[in-house]
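Colleague: Under the numbering used here, the first residue of the sequence shown is numbered 3, with each subsequent residue one higher.
After the structure tokens below, expect a handful of questions from me.
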Amino acid sequence: MDLIKEINKLKKEKNAIILTHCYQNVEIDEVSDFVGDSLYLSKMASNTNADIIVFAGVYFMAQSAKLLSPNKKVLLPEMNSGCAMADMIDVENLKLFKEKNPNIPVVCYINSTAEIKANCDICCTSSNAIDVVKSLNAPKVLFVPDTYLGKYVQTKLNNVEVITFNGFCPTHLRIRVDEISNARKNYPNAPILIHPECHHDVVKLADFVGSTKEIMEFAKKSDKKQFIIATEKGVVDRLNRDSKNLGWGKEFILIDENIICPSMKMNSLEKIYDTLLNEKNEITIADDVLLSAQKCIKKMLDLNV
Ligand code: 13P
Ligand code: SF4
């Protein structure tokens, strides 16, 4: 069976779209309507006229799509694809964190469950975290769950104290300072592009820091020919594919071949086909959680940053 053809046929029959994060296996792009980072995909989820959204990403991303399109059917091909960082905080320890730091607005990274979003003031993604924190005009801000994105925001803002929860992304934390120094030695002309989920000592060494989509845009526009990429492998696979197909003559080198998010890679064309055919693995969110979490994420989108 030609899975790509069959999935595209099913999409038409069912008025469905497929939203794909750029850490997914690259062949999934062949059936995708939109491919990008968390912010871009959230915007696409809130604007669509489709009846069904299949989310090729991890659990919190599908939940966010449901928050933004509560009347649509949102399907996740692999229900076990959680985000290790999002799972590091639960409502109980969020409450303790807030009690320890009372009367301070809480910003939550989109890499969090709907239950966490329901208990925070505003959401952000890696591409707009600085602007979201700034928009609060507060002397102190709590930032959950990613301590490293929070610390990165702090380096960009002088007038606010960013107090971070201690979550992290195990995939991005694998990237070490010595790997960056070696890459500099081996590829002296290649800019090093780094995701802000990396350790702050690694982020400090970057030529460019950005979300997955920002990294891809920077690389496309740059007149350099070689690039070191310090984020998940899917970004490098897509950049090298586009360079080959579109004749950019550029080479993208993954800082370390183990920078692979296991949850993102659980998905496959077979699972997408099965999910869409049988309309299974539907995301549901309890009404009380949905309304508060929706407010949190919509506040971010309303800022338009
Ligand atoms: P982006 O906001 O860059 O899409 O990142 C999401 C993510 O999970 C990174 O690990
Ligand atoms: Fe979560 Fe890290 Fe995977 Fe992103 S790369 S989905 S933060 S575990």
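Note that beta-carbon positions come from the ideal geometry of N, C-alpha and C, so glycine has one too.
Considering only the beta carbon of each residue, do Thr-50 and Val-37 sit closer than 8 Å?
Modeller: Translated into positions along the sequence shown, residue 50 becomes position 48. Translated into positions along the sequence shown, residue 37 becomes position 35. No; because the gap between Cβ atoms is not below 8 Å, this pair is not in contact.
Colleague: As an exercise, report each continuous alpha helix (DSSP H) stretch of at least 4 residues that is fully enclosed by the region 139 to 180, in chain order.
Modeller: Listed in chain order, they are 149 to 158 and 172 to 175.
Colleague: So does Ser-40 have its beta carbon nearer than 7 Å to some heavy atom of the ligand 13P?
Modeller: For the purposes of this step, residue 40 is taken as residue 38 along the sequence shown, with counting starting at 1. For the ligand 13P, at least one heavy atom lies less than 7 Å from the Cβ of Ser-40.
Colleague: Does Pro-198 come within less than 8 Å of chain D when only Cβ atoms are used?
Modeller: As a matter of chain content, chain D is missing from the structure shown, which is built from one protein chain.
Colleague: With a CB to CB cut of under 8 Å and the five nearest residues on each side skipped, what residues in its chain are close to Val-135?
Modeller: As a first step, residue 135 must be located in the sequence shown, where it is residue number 133. These residues qualify, in order along the chain: Val-109, Cys-126, Val-143, Phe-145, Val-155, Leu-159, Val-162 and Val-164.
Colleague: Could you tell me the distance, in whole angstroms, from the CA atom of Val-237 to the CA atom of Glu-259?
Modeller: The sequence position of residue 237 within the sequence shown is 235, counting from 1. The sequence position of residue 259 within the sequence shown is 257, counting from 1. If you take the alpha carbons of Val-237 and Glu-259, they lie about 12 Å apart.
Colleague: From the DSSP output, in three-state form, read off Tyr-25 for me.
Modeller: Walking along the sequence shown from the start, residue 25 turns up at place 23. Of the three classes helix, strand and coil, the one that applies to Tyr-25 here is coil, per DSSP.
Colleague: Touching or not, the region 239 to 254 and the region 220 to 229, by the rule of three or more beta carbon pairs under 8 Å?
Modeller: Contact between the region 239 to 254 and the region 220 to 229 is present, because at least three Cβ pairs lie under 8 Å.
Colleague: Give a yes or no on whether the C-beta atoms belonging to Asp-180 and Ile-194 are separated by under 8 Å.
Modeller: If you number the sequence shown from 1, residue 180 lands on position 178. If you number the sequence shown from 1, residue 194 lands on position 192. Contact flag unset, no.
Colleague: Going by beta-carbon coordinates alone, are Asp-148 and Asn-121 separated by less than 8 Å?
Modeller: Residue numbering aside, residue 148 sits at position 146 when the sequence shown is read from its first letter. Residue numbering aside, residue 121 sits at position 119 when the sequence shown is read from its first letter. Result no, Cβ atoms of Asp-148 and Asn-121 do not sit closer than 8 Å.
Colleague: When the Cα of Ile-262 is compared with those of Ile-287, Lys-235 and Ala-221, which residue comes out closest?
Modeller: For the purposes of this step, residue 262 is identified with residue 260 of the sequence shown, where counting begins at 1. For Ile-262, the nearest C-alpha among the options comes from Lys-235.
Colleague: State buried or exposed for Ser-265, treating a residue as buried only when at least 16 other CB atoms are found within 10 Å of its CB.
Modeller: Taking the first residue of the sequence shown as 1, we reach residue 265 at position 263. So Ser-265 counts as buried.
Colleague: If you draw a straight line from the alpha carbon of Glu-281 to that of Leu-77, how long is it in whole angstroms?
Modeller: In the sequence shown, residue 281 corresponds to position 279, counting from 1. In the sequence shown, residue 77 corresponds to position 75, counting from 1. Their backbone Cα atoms lie some 7 Å apart in a straight line.
Colleague: Per the contact definition of three or more C-beta pairs closer than 8 Å, is the region 52 to 63 in contact with the region 13 to 31?
Modeller: Touching, yes.
Colleague: Going by the DSSP bridge assignment, what does Lys-75 pair with across the sheet?
Modeller: Your numbering for residue 75 matches position 73 in the sequence shown. Ile-54, per the DSSP bridge assignment.
Colleague: Cα-Cα, which of Tyr-275, Ser-270, Lys-222 and Thr-233 is closest to Glu-253?
Modeller: Residue 253 sits at position 251 when you count from the first residue of the sequence shown. For the residues Tyr-275, Ser-270, Lys-222 and Thr-233, the minimum Cα distance to Glu-253 belongs to Lys-222.
Colleague: So, under 8 Å CB-CB, Asn-269 and Pro-79 are touching, yes? Tell me the CB distance rounded to an integer number of Å.
Modeller: The residue you call residue 269 lines up with position 267 of the sequence shown. The residue you call residue 79 lines up with position 77 of the sequence shown. With a Cβ gap of about 5 Å, Asn-269 and Pro-79 count as contacting.
Colleague: Determine the direct distance from the alpha carbon of Gly-212 to that of Ser-128, and round the result to whole angstroms.
Modeller: The sequence position of residue 128 within the sequence shown is 126, counting from 1. The sequence position of residue 212 within the sequence shown is 210, counting from 1. Approximately 7 Å, taken between the alpha carbons.
Colleague: Using DSSP with H/G/I as helix, E/B as strand and the rest coil, what is Glu-253?
Modeller: Walking along the sequence shown from the start, residue 253 turns up at place 251. Here Glu-253 sits in strand by DSSP.
Colleague: Should Pro-198 go down as buried or exposed, given a rule of 16 or more other Cβ atoms within 10 Å for buried?
Modeller: As a first step, residue 198 must be located in the sequence shown, where it is residue number 196. Label assigned to Pro-198: buried.
Colleague: Secondary structure at Ala-18, three-state DSSP: helix, strand or coil?
Modeller: Your numbering for residue 18 matches position 16 in the sequence shown. If DSSP states are grouped into helix, strand and coil, Ala-18 belongs with the strands.
Colleague: What are the start and end residues of the beta strand (DSSP E) that includes Ile-124?
Modeller: Sequence index remark: in the sequence shown, residue 124 carries index 122 (1-based). 124 to 126 is the span of the beta strand (DSSP E), which, as asked, contains Ile-124.
Colleague: Which residue comes first and which comes last in the alpha helix (DSSP H) that contains Tyr-42?
Modeller: For the purposes of this step, residue 42 is identified with residue 40 of the sequence shown, where counting begins at 1. Note, Tyr-42: alpha helix (DSSP H), 40 to 49.
Colleague: Hey, would you say the C-beta of Ser-34 is under 7 Å away from at least one heavy atom of the ligand 13P?
Modeller: Along the sequence shown, read from residue 1 onward, the residue named residue 34 stands at position 32. Because no heavy atom of the ligand 13P lies under 7 Å away, the Cβ of Ser-34 does not count as near it: no.
Colleague: Nearest CA to the CA of Ile-285: which residue from Lys-75, Pro-190, Asn-27 and Ser-48?
Modeller: Walking along the sequence shown from the start, residue 285 turns up at place 283. Closest option to Ile-285, Cα to Cα, is Lys-75.
Colleague: Out of curiosity, what's the CA-to-CA distance linking Phe-220 and Lys-297?
Modeller: In the sequence shown, residue 220 corresponds to position 218, counting from 1. In the sequence shown, residue 297 corresponds to position 295, counting from 1. So the two alpha carbons sit approximately 32 Å from each other.
Colleague: Alpha carbon to alpha carbon, what distance is there between Ile-30 and Asn-82?
Modeller: The residue you call residue 82 lines up with position 80 of the sequence shown. The residue you call residue 30 lines up with position 28 of the sequence shown. Straight-line Cα distance between these residues: approximately 18 Å.
Colleague: Please identify the residue among Ala-52, Ser-34, Val-60 and Val-28 whose C-alpha is closest to the C-alpha of Ser-40.
Modeller: Position 38 of the sequence shown, counted from the first residue, corresponds to residue 40. If we check each option's Cα against that of Ser-40, Val-60 comes out closest.
Colleague: If distances are taken between C-alpha atoms only, which option among Ile-124, Lys-300 and Ala-47 comes closest to Ile-20?
Modeller: One-based indexing of the sequence shown puts residue 20 at position 18. The shortest C-alpha separation from Ile-20 is found at Ala-47.
Colleague: Can you check which of these residues, Asp-289, Lys-300, Leu-305 and Glu-32, is closest to Glu-117 by C-alpha distance?
Modeller: Residue numbering aside, residue 117 sits at position 115 when the sequence shown is read from its first letter. Ranking Asp-289, Lys-300, Leu-305 and Glu-32 by Cα distance to Glu-117 puts Asp-289 first.
Colleague: Using alpha carbons as the reference points, say which of Cys-85, Asp-4 and Leu-305 lies closest to Lys-267.
Modeller: Within the sequence shown, the letter at position 265 stands for residue 267. Checked all of Cys-85, Asp-4 and Leu-305; the closest Cα to Lys-267 is Cys-85.
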